[in-house]
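Notes follow once the structure below has been shown.
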């Protein structure tokens with residue numbers, strides 16, 4: 649097999665960039681050309697990513713040393729890509745942006761949630777939202793891809809069959825997200841200082857979470873007037889993300905209907921597993937065993953007494969939530985087997 | 649000061665019993681007479697509770713060696729007290745039960761939730777539910793007290809002002825509880841085995857949680873037709889409990905109304921703190937800094953966009969959730985300052 | 649490439665068996681024929697190993713259903729293989745035992761450390777000790793392999809160049825091992841119960857650790873009168889093992905000599921990395937970034953003031969310490985590239 | 649009882665200052681007058697120490713607002729006190745310094761280890777080293793006290809009886825310290841960033857640890873030519889410190905001799921417990937159950953095979969290691985019962 653797709657990563661010293669690099673280095677069809685970093689320019693990539701010692705001899709370069717390549721990955725802080733993209737879009741035929749700048753189709757929605765004007769609104773329509781399970785056919789010919797936010801990814805995947813198959817009411821959808829510390833990036837602060845961050849159950853963003861906008865945008869493809877509320881609580885976990893989604897089932901809905909909805913949507917999806925077992929200690933999705941993988945595990949429970957359907961989704965925020973998602977999109981864009989480079993099954997125990 | 653209240657603990661080798669014993673040993677008005685344990689009879693209490701080494705020379709005794717005392721604490725597994733109480737109620741004037749058997753007033757409700765018939769239904773009306781903030785005046789003359797379950801304690805305290813002051817709708821109250829491993833007791837199993845339990849975000853009881861019954865029973869004192877749904881997720885934490893309560897505010901409710909409701913109910917409560925800060929990393933209740941304390945910290949956020957009020961409550965499940973609660977009730981029953989023996993402020997960092 | 653080596657695992661429901669299975673399922677030259685388990689016979693392997701959901705449809709079988717295969721892996725509790733091996737050695741041409749029974753060459757040494765007589769002493773000479781870096785040439789034609797214990801693996805690899813190149817004195821070698829909970833296996837007990845095991849710094853085996861015998865046996869190949877003392881402390885970690893080895897450098901030894909010794913022994917080893925950096929936060933070996941890998945990272949510091957050389961080794965106890973080690977041995981036994989199936993670089997952050 | 653000792657804390661926003669403040673607020677003989685902080689001046693102490701919400705209404709002040717008081721505690725970064733002390737020593741009759749500046753008696757030793765000249769060498773002889781178990785009689789009349797470093801505290805207490813009673817050889821004493829994140833203070837950095845710091849076994853200071861100087865200075869009171877080597881490894885723990893001390897017993901030493909040595913030194917010490925049990929899961933000292941306490945737990949194991957005595961000591965680095973130590977010294981200085989304000993027994997489970 650030839651490593652015939654040349655790719656570079658802009659902003660490769662962060663956690664998303666590092667995970668992307670790890671996956672790309674082992675992808676049989678890809679050659680990593682360059683990885684940029686302001687802070688680490690001139691140093692080995694293993695300086696920022698110690699797991700890559702002896703694995704890669706790549707050296708971080710500066711952004712102005714960027715060569716042409718086939719595909720450019722942007723792993724930049726929110727708000728940077730939109731100002732930077734015009735400058736670099738001639739460097740590659742295709743671009744996959746891991747950040748938030750091009751996820752929302754509507755510039756006003758962007759302005760509402762991100763409290764600033766979009767700097768490249770004309771490019772918004774050119775981006776495909778990066779969830780393969782929703783946009784597989786568009787991704788095949790996509791030039792630009794905006795990866796979903798990690799909470800959005802797992803929430804959308806968990807909710808989509810329930811919305812599409814009219815299992816739940818479109819209002820009062822409560823997404824209670826349990827988050828990990830790597831979601832906050834790799835910049836130290838008092839909030840990430842170990843003695844403070846260790847063991848917390850921190851109500852990080854109780855209401856009005858930005859990812860709500862993405863979730864509503866994508867689910868609107870299947871139902872009007874979807875309204876979701878996200879509460880993000882950050883807990884003792886470095887990687888991983890679980891959403892407990894509290895919904896109201898429509899009258900008469902049975903467990904069988906729910907199974908049918910999930911199977912109909914995801915029966916042949918390579919990276920989605922329905923996890924709902926009667927026994928054992930992993931009866932529902934558990935993020936820790938997804939660490940390093942591209943899987944999204946989904947489970948659910950219906951309560952007749954409470955007229956409530958609790959759906960549970962779990963991913964690795966840096967896997968299916970970010971870097972794995974990006975690779976899966978790339979595989980589709982280049983006509984490769986979607987699972988290529990993403991086969992890692994996760995570890996147990998961990 | 650004299651240690652003139654003689655107390656004994658039945659079932660003192662578990663986590664609740666151990667925490668109770670620790671608090672009682674330092675309580676200036678109490679003399680601990682006996683602590684029973686089948687498994688540890690004849691051994692020092694420090695064998696089960698290593699923190700009590702050199703603190704106490706008490707030796708666990710058997711239940712049939714029980715002497716008369718002023719107050720008996722029952723720290724037994726659910727379902728045991730109700731069969732046992734008639735046998736021992738002549739041993740003490742007053743009884744405080746830390747278990748679940750006498751919390752529900754209605755024997756049918758008990759049968760529904762606990763899947764068995766109550767064995768001492770005639771005694772149910774004689775028990776006072778142990779939350780001081782709700783039943784202080786009854787506790788003063790109570791002979792028998794049933795301590796609230798820990799999820800019920802923090803949920804009721806967080807919701808009560810919102811229900812009483814008509815801040816929220818009575819339906820669609822979603823209690824998303826984040827639990828710790830000590831809530832499962834001290835019996836090892838595969839689910840508590842460290843390599844499996846470490847780092848989990850385990851959907852332990854997604855719907856139909858037993859504590860729902862207690863919560864509805866107590867909130868019914870303030871509003872008809874209250875319906876709550878509890879989802880319990882157990883996370884990487886040994887002690888501590890946080891509830892994220894998703895509610896719908898009534899039309900026109902403002903943040904000021906909510907402050908008013910909480911202050912009106914809890915302005916003079918010694919163990920309740922409203923935690924809602926604009927800055928810092930402890931802006932909302934955080935269970936880790938409550939470890940070992942009797943505090944219940946409560947916070948909230950109102951979202952106009954989402955028509956949603958998220959209320960957040962945190963306690964130490966073994967403190968205010970169990971043993972601290974029991975001591976507070978005892979203090980009231982004996983006319984002592986309610987804070988006696990419960991002054992520990994918690995640690996930081998931890 | 650053909651999956652033309654048929655293998656089976658005896659005792660495949662434990663942690664070592666599960667990790668082995670995970671690695672074998674993705675090994676391009678191997679076909680996993682059977683996996684036995686008493687407890688889980690008849691159930692999917694994913695029941696014991698939830699990370700293998702949708703990855704493998706294998707079903708655990710009983711030991712008496714064992715078919716012939718090319719290579720048999722034994723992943724049994726200590727003391728079982730030696731009684732069982734004669735019964736099954738006709739089932740496969742080659743056997744790799746992950747347990748302790750055939751590690752020690754001398755039956756008396758075995759009896760001393762394991763407090764029982766060896767049940768198959770005649771087979772002891774037929775086993776090759778499984779550390780590739782020491783016994784590569786013997787492994788090529790080995791019929792039976794006994795994998796090293798995990799503490800022994802990392803201790804031997806860290807010490808070998810120092811002993812071989814006469815860098816250190818042969819006495820007073822103190823191995824202070826920091827262990828993880830998965831080393832205790834998957835049987836729950838009070839000592840592994842999460843509220844007790846969480847956050848410990850437990851002096852598990854302060855002196856007279858069994859792995860001392862293996863370490864002394866193997867280092868004796870390079871120096872007479874080697875004496876090591878192992879202290880094992882188990883800490884808050886599920887996977888991973890680090891040894892801090894306190895040694896006395898011989899007079900005149902310089903840092904350069906030590907570098908030379910390590911490079912001479914390990915310069916071309918695929919799975920050993922010398923980690924010693926002047927800056928950064930991963931200056932020395934760190935087990936957490938080795939999780940899931942077959943790497944052994946080694947570092948050292950020389951103190952002139954203290955006449956002391958501290959050598960530091962880290963591995964994943966279930967990787968290079970057990971299952972990875974076994975696969976590496978298998979690769980050598982079958983003339984495959986030693987890295988086959990073992991390329992996973994580990995995760996960061998984790 | 650009257651709160652008749654007025655105290656102030658200089659540098660009260662750090663972890664040591666916060667723990668000191670917590671203890672002082674509940675000390676029956678003390679009135680906390682002022683707490684200074686540059687960063688937090690003008691804000692409630694609970695802003696830095698969230699466990700003190702509703703416990704204290706004190707407000708941080710600036711250093712230049714300092715009033716006269718009976719006793720001044722200095723909780724400043726290393727290297728600050730020595731330049732500052734002359735300016736403030738007229739503010740109080742007595743001073744207890746929690747930092748490192750006045751621990752070493754010899755200014756040259758100070759210069760060697762701290763890589764700078766001492767700024768107040770004339771004051772060095774006026775300081776008493778703060779370990780009550782060694783210097784109780786001097787503390788009674790001490791004007792200035794320098795608290796021991798936390799590794800020094802636990803190492804000295806563990807070793808003293810072994811040295812004094814000639815149980816061990818004076819050379820080759822290896823102190824393998826397992827450290828927690830709070831020992832690094834409360835300034836965020838990449839090394840304390842949660843995704844990096846979580847789960848580490850980081851070889852923080854493998855050789856030439858500064859506390860060696862203190863340990864050697866104090867043990868020299870009992871034996872000439874003592875030489876210790878400290879290796880500090882920081883692990884997943886917020887509070888707590890355990891030292892595994894590897895020593896060589898003198899010929900003929902028996903376990904009984906060791907018991908005798910410890911009992912003779914510590915038989916009547918209120919805060920030292922010898923922990924060495926044949927059964928159970930807390931057989932040796934365990935730092936987690938010491939969190940928040942002033943205890944130092946000590947255990948040991950003698951191996952005849954290895955001619956090795958492993959002694960194990962555990963403390964809470966912020967308790968007996970810093971703030972508890974300071975209070976104990978204060979109690980002695982003011983003729984109070986040494987246990988006053990330090991009775992907290994620690995929590996279990998935790």
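Residue numbers (the numbering used here), protein chains in the order written: chain A, 649 to 998; chain B, 649 to 998; chain C, 649 to 998; chain D, 649 to 998.
Even for Gly, the Cβ is constructed at its ideal location relative to N, Cα and C.
Since the model is a prediction, treat every value here as computed from it, not as a measurement.
Per DSSP, which residues does residue 717/A bridge with? Please list them. 740/A
Who are residue 887/C's beta bridge partners in DSSP? Residue 887/C is not bridged to any residue.
Residues bridged to residue 801/A [DSSP beta-bridge criterion]: Residue 801/A pairs with nothing; no bridge assigned.
In chain F, what lies closer than 9 angstroms to residue 829/B by C-beta? Protein chains in the displayed structure are A, B, C and D, and chain F is not among them.
Cα separation between residue 835/A and residue 780/D? Residue 780/D has its alpha-carbon roughly 42 angstroms from the corresponding atom of residue 835/A.
Contact list for the segment 882-903 of chain D against chain C, Cβ threshold 9 angstroms: 883, 884, 885, 886, 888, 889, 890, 892, 894 and 896
So which of 725/B, 960/B and 698/B has the shortest CA-CA distance to residue 933/D? 698/B
Taking a contact to mean a Cβ-Cβ separation below 8 angstroms, would you say residue 962/A touches residue 935/A in this structure? yes
Just to check, is the beta-carbon of residue 960/D closer than 7 angstroms to a non-hydrogen atom of the ligand FAD? In terms of ligand content, the structure shown is empty, and the ligand FAD therefore cannot be addressed.
Minimum C-alpha distance to residue 896/B - residue among 821/B, 966/B, 661/B and 906/B: Among 821/B, 966/B, 661/B and 906/B, the Cα nearest to that of residue 896/B belongs to 821/B.
Delimiting residues of the beta strand (DSSP E) encompassing residue 639/A: Outside the displayed range of chain A (649 to 998) lies residue 639/A, so it cannot be described from this structure.
Kindly give me the distance between the Cβ atoms of residue 652/C and residue 988/C, rounded to whole angstroms, as I take these residues to be in contact under 8 angstroms. About 13 angstroms separates the beta carbons of residue 652/C and residue 988/C, which is beyond the 8 angstroms limit, so they are not a contact pair.
Chain-ordered chain C contacts of residue 834/B [CB-CB under 9 angstroms]: What residue 834/B touches in chain C: 838, 841, 843 and 844.
Return helix, strand or coil for residue 947/C, following the three-state DSSP convention. strand
Would you give the residue range spanned by the alpha helix (DSSP H) that residue 969/C belongs to? Unbroken run through residue 969/C: none, as it is neither H nor E.
Pick helix, strand or coil for residue 825/A, following the three-state DSSP scheme. strand
Three-state secondary structure assigned by DSSP to residue 855/C: Note: residue 855/C maps to coil in three-state DSSP.
Determine the DSSP secondary structure at residue 912/C, reduced to helix, strand or coil. In this structure, DSSP gives residue 912/C a helical state, which the three-state scheme calls helix.
Look at the alpha carbon of residue 922/C and the alpha carbon of residue 991/C, and state the distance between them as a whole number of angstroms. 18 angstroms
Is there a C-beta anywhere in chain A that falls below 8 angstroms from the one on residue 996/C? True, the Cβ-Cβ gap to chain A drops below 8 angstroms.
In chain B, which residues lie less than 9 angstroms from residue 674/D when you measure between Cβ atoms? Simply 991, 992 and 993.
Should residue 746/D be labelled buried (16 or more other beta-carbon atoms within 10 Å of its own) or exposed? buried
What residue from 864/B, 657/B and 949/B has the CA that sits closest to residue 736/B's CA? 657/B
Is the CB of residue 826/A under 8 angstroms away from at least one CB in chain B? At least one chain B Cβ lies under 8 angstroms of residue 826/A.
Using only the alpha-carbon positions, how far apart do residue 829/D and residue 971/D sit? 16 angstroms
Note down, in chain order, each residue of its chain lying with its Cβ closer than 6 angstroms to the Cβ of residue 819/D, except the 5 sequence neighbours on either side. 875
Residue 792/A lies in the beta strand (DSSP E); which residues open and close that run? 792-794
Going by the beta-carbon positions, is the gap between residue 998/D and residue 898/D smaller than 8 angstroms? no
Check distances from the C-beta atoms of the segment 937-948 of chain A to those of chain C and list, in chain order, the residues that come in under 7 angstroms. 937, 939 and 940
Pick from 890/C, 734/C and 789/C that is closest to residue 824/D, judged by C-alpha positions: Comparing alpha-carbon positions, the option among 890/C, 734/C and 789/C lying closest to residue 824/D turns out to be 890/C.
Distance check for residue 951/C and residue 756/C, CA to CA, integer angstroms please. Residue 756/C and residue 951/C: Cα-Cα distance of roughly 39 angstroms.
Starting from the C-beta of residue 908/A, find all residues in its chain whose C-beta is less than 6 angstroms away, skip the five residues before and the five after it, and write them out in chain order. Nothing listed; no residue qualifies.
Determine, using beta carbons only, whether residue 935/D comes closer than 8 angstroms to chain C. yes
Assuming residue 665/B is part of the alpha helix (DSSP H), what are its boundary residues? 663-673
When the cut-off is 8 angstroms and only beta carbons count, does residue 725/C lie next to chain D? no
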